[in-house]
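Chemist: Residue numbers (our numbering): 13 to 811. Glycine included, every Cβ here is placed at the ideal spot set by N, Cα and C. Below: one structure in structure tokens.
Here it is as structure tokens:
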């Protein structure tokens, strides 16, 4: 493979030393051109004041000064007039020639300021001589790097393929749509048969790479994945090999949304002969010699992005963000014509981070291969400042999800007791004792009394017995699990877990779907049926026997929460009635409220009196209620930084002295859940009686996922990082924004491991009175962002 003309070679052995090997002097060449396809023209009289090379999302800048008016040019004895320059919008190339190579900067003039210093009267020779008034002043041109060219226009088109059946010439055809592209974004019209990463993905990517449009450019052909649909108007569901990976999205975006040059035919932007683009490519390190086979981005990431309202730069900023351990910068390759703009991704990690994906395949975010160790301890012309920053260094990483939930059946015999005062029931019975239900008027009076607010708790409000030990089924087992996420903490009780009562809740819904058999003995089949169901959630359910002919509750078992309940003694003229169980909202008790639906509250037999001879009552002391109880403990995991703990007496000192905890908490809410279903939980009825769960099982357990996220995040947050700032009178061509600073001043007492990415390299030029450059000020700045682990777990992403 021929050597690629990569302009940013690594220092020898990845080590750079500031000293006499890097001279203090530099020279500057400045070039301009009007159109991207034009040749560069070297400019004279332009002075470079400052220039910066930046990693995204920051934009590189340069400031150029130009003096106009009467002047004597260097090397000439004749006075001449320098006219003003109209460079607004021109492309600019700046070459800073250092002793160890060239620093090249590309951009365009974004702002032109004119400081009008005066007017000079010049005698123009002639017969007779005339006087010409000429302006003098200073123009300052503020320039921005080529990355800013990617931010000029919003993305407004999607280029997609249609099959031969939908074209005019019998072959596959590329078409353009007036809508911004979307990648891996669920569409309401997509078939719900396939779920990938927790959300539906319609098939929108071609199976193979296809030659991208040239847009009027020659010699710039490339193959990229393009948009294509299963049919023309029928959206299918993508399989795993047809989703857009990070590299696919990057290549497609830059191929079809580069800056446009000249007139653009909006009616047909594909075939318009006047349409040209500035070619933008994603740089592949594999073209180097020797090739760098470690791709500098995690190509297994499945980005979800809708480009509506975004520019190309804005889309790249999201895709290659420090929150997902990435960055990028932009540079220009002049070895091809027209010159090619490269987007070069890189990772911001000094050590690779791994995780297991949903198919138990190990995926890696690679380490940045462009690591530089910097030495300047003995150079008086260079100063290095190192700032130890604890903002992203933690003593522990904790992943926290939703409170854990247990589904069980509690009854009004062993677990519940009346939550209304006995004196209230006595008062009620006394008030209706003299009423005769056989007399209609007195019967109505009885009903009115029973519905008074002060008597409504009777038969309705039930609390958990004060001495109930939260053990269920036979043999007795604990209702609540202990997740042991804090088991390493010595002061934490690791035995059986009992929730703090103030934090407990009885939920209105069961985590059960209608139509799913939760008494299924095969838990794998049960979980599959549960996860694929799209039916409504079931409410808390009240079970009891029905009335026999003697009006006692000795008939078949039914779920009294069903709205269509009728048993043998119902008057056909009466509406159906049932029981609805909800949480008892009483701060002094944990329990349930039983409301009669379709009838009046007196249907519950608690309290004296009868509604009417033909309306049987339900004995509340014989009810069984299937409920979902929310614990105060959340599903989650915590990992401690072994380098950050203050040791006890006699132990080896910790590597990093951190006296107070700094815990990175990753809150995932309902996206991490743990749901246990207890043995003997009633989930339905048959003629033979209640249908119960045969054995305790976990309906959902995201504990291992929480541990995986925790382990993944700890690889980043347990690594100490330091911010470095280098200021020198020596300018080098060996430091660039895509590199990482590893060890600063190795093998000296000042040695420090920094693990920080170079975010900016700047040169400020000094200009002497004769217009010559003096020794520059060369500055290097590093930074690091905060990694968001959820970027690498698509099944947890929402929206």
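#1: Under the three-state reduction of DSSP, which class applies to residue 635: helix, strand or coil?
#2: Pull up the distance between the alpha-carbon of residue 179 and that of residue 223, whole angstroms please.
#3: Using a 10 Å radius around the Cβ and a threshold of 16 neighbouring Cβ atoms, would you call residue 202 buried or exposed?
#4: Contact defined as beta carbons within less than 8 Å: I believe residue 788 pairs with residue 773. What is the distance between those atoms, to the nearest angstrom?
#5: How many Å lie between residue 425 and residue 256 at the Cα?
#6: Quick check: the Cα distance between residue 520 and residue 737, rounded to an integer number of angstroms?
#7: State the DSSP-derived secondary structure class of residue 500, mapped to helix, strand or coil.
#8: Can you look up residue 324 in the DSSP assignment and give me helix, strand or coil?
#9: What do you get for residue 397, buried or exposed, if any count of 16 or more other CB atoms within 10 angstroms of its CB means buried?
#10: Looking at residue 132: is its Cβ nearer than 7 Å to the Cβ of residue 146?
#11: Do you know offhand how far residue 695's Cα is from residue 172's?
#12: Starting from the Cα of residue 676, find the closest Cα among 409, 713, 514 and give me that residue.
#13: Is the CB-CB distance between residue 438 and residue 693 below 7 Å?
#14: With distances taken between CB atoms, is the gap from residue 596 to residue 604 smaller than 7 Å?
#15: Going by C-alpha to C-alpha distance, which of 113, 291, 97, 91 sits closest to residue 742?
#16: If you count every other CB in all the chains shown that lies within 10 Å of the CB of residue 503, and 16 or more means buried, which is it?
#17: Is there contact here, the region 114-133 with the region 57-72, by at least three beta-carbon pairs under 8 Å?
#18: Below 8 Å, can you find three or more Cβ-Cβ pairs linking the region 479-493 to the region 435-454?
#19: Could you tell me which of 125, 44, 79, 100 sits nearest to residue 107, measuring between CA atoms?
#20: Do residue 2 and residue 554 have their CB atoms nearer than 7 Å?
#21: Rounded to whole angstroms, what is the Cα-Cα separation between residue 177 and residue 183?
#22: Could you tell me the distance, in whole angstroms, from the CA atom of residue 751 to the CA atom of residue 66?
#23: Taking the C-alpha atoms as reference points, what is the distance between residue 293 and residue 81?
#24: Given a cut-off of 7 Å, decide if residue 718 and residue 649 are closer than it, judged by their beta-carbon atoms.
#25: I'd like to confirm the pairing. Which residues does DSSP put opposite residue 116 in its beta bridges?
#26: Which one or two residues does DSSP pair with residue 737 in a beta bridge?
#27: Less than 7 Å between the beta carbons of residue 153 and residue 99, yes or no?
#28: Label residue 463 either buried or exposed according to how many other C-beta atoms from any shown protein chain fall within 10 Å of its C-beta, with 16 as the threshold for buried.
#29: Compare the beta carbon distance of residue 459 and residue 447 with 7 Å and say whether it is the shorter of the two.
#30: Does the region 298-307 come close enough to the region 763-772 that 3 or more CB-CB pairs lie under 8 Å?
#31: What does the alpha-carbon distance come out to for the pair residue 745 and residue 115?
#32: Quick check on the burial criterion: 16 or more other C-beta atoms within 10 angstroms. Buried or exposed for residue 126?
#33: Taking all protein chains shown into account, decide if residue 365 is buried (16 or more other Cβ within 10 angstroms of its Cβ) or exposed.
#34: Three-state secondary structure (DSSP) at residue 138?
#35: Of all the options 786, 432, 509, which has the alpha carbon lying nearest to the alpha carbon of residue 476?
#36: Between the Cα of residue 38 and those of 572, 779, 430, 673, spot the shortest distance and give me the residue it belongs to.
Modeler: The short version:
#1: coil
#2: 18 Å
#3: With a pLDDT of only 48 at residue 202, under the threshold of 50, the placement of this residue in the model should not be trusted; the figure read from the coordinates follows. Its Cβ being crowded by 16 or more others within 10 Å, residue 202 is buried.
#4: About 12 Å; that fails the 8 Å criterion.
#5: 58 Å
#6: 57 Å
#7: For residue 500, the pLDDT reaches just 46, beneath the cut-off of 50, and the residue's location in the model is therefore unreliable, leaving the point undetermined.
#8: helix
#9: exposed
#10: yes
#11: 51 Å
#12: 409
#13: no
#14: yes
#15: 113
#16: Residue confidence is low: residue 503 scores 47 on pLDDT, short of 50, so the model does not pin down where it sits. Its coordinate-derived value is still stated next. So residue 503 ends up on the exposed side.
#17: yes
#18: no
#19: 44
#20: Residue 2 is absent from the structure shown; the chain starts at 13 and stops at 811.
#21: 8 Å
#22: 11 Å
#23: 42 Å
#24: yes
#25: 107
#26: 397, 793
#27: yes
#28: exposed
#29: no
#30: no
#31: 5 Å
#32: exposed
#33: buried
#34: coil
#35: 432
#36: 779
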